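Residue numbers (our numbering): 9 to 100. Just below is one structure, and these are the notes that go with it.
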């Protein structure tokens with residue numbers, strides 16, 4: 009049997025492969041991500057894991073109706089750190 013992906017690898021692969029054309033992120037519920045996570049790992053809570061990855065800066069989470077959107081950091085809409093925003097504005 010092949011080796012399982014880590015939580016981080018699974019989440020990043022899901023974001024890249026499940027997003028619809030023209031979209032940068034996936035909806036945790038509507039994309040089927042939460043169910044797939046539970047089936048693949050058969051333990052663990054996808055909400056806890058994605059929150060931890062977001063705290064570590066590995067992914068970005070944006071709350072939306074019915075769940076959250078999951079993004080790779082480089083694809084996340086808006087926001088960013090204050091330093092990134094100031095640099096983009098030419099003030100940093």
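Note that CB positions come from ideal geometry on N, CA and C, so glycine has one too. Only a predicted model underlies this, so the values are computations on that prediction, with no experimental measurement involved.
Residue i - DSSP class collapsed to helix/strand/coil
{"i": "residue 67", "result": "coil"}
{"i": "residue 54", "result": "helix"}
Residue nearest to residue i in terms of C-alpha spacing, selected from the options
{"i": "residue 17", "options": "80, 94, 39", "result": "80"}
{"i": "residue 38", "options": "82, 75, 95", "result": "75"}
{"i": "residue 66", "options": "13, 12, 19", "result": "19"}
{"i": "residue 56", "options": "82, 72, 15, 33", "result": "15"}
{"i": "residue 85", "options": "25, 12, 11, 34", "result": "34"}
{"i": "residue 24", "options": "64, 94, 82, 96", "result": "82"}
{"i": "residue 41", "options": "12, 78, 10, 61", "result": "78"}
Beta-bridge partners of residue i, as assigned by DSSP
{"i": "residue 77", "result": "35, 70"}
Terminal residues of the alpha helix (DSSP H) in which residue i lies
{"i": "residue 42", "result": "41-49"}
{"i": "residue 22", "result": "15-26"}
Residue i vs residue j beta-carbon contact at 8 Å
{"i": "residue 22", "j": "residue 44", "result": "yes"}
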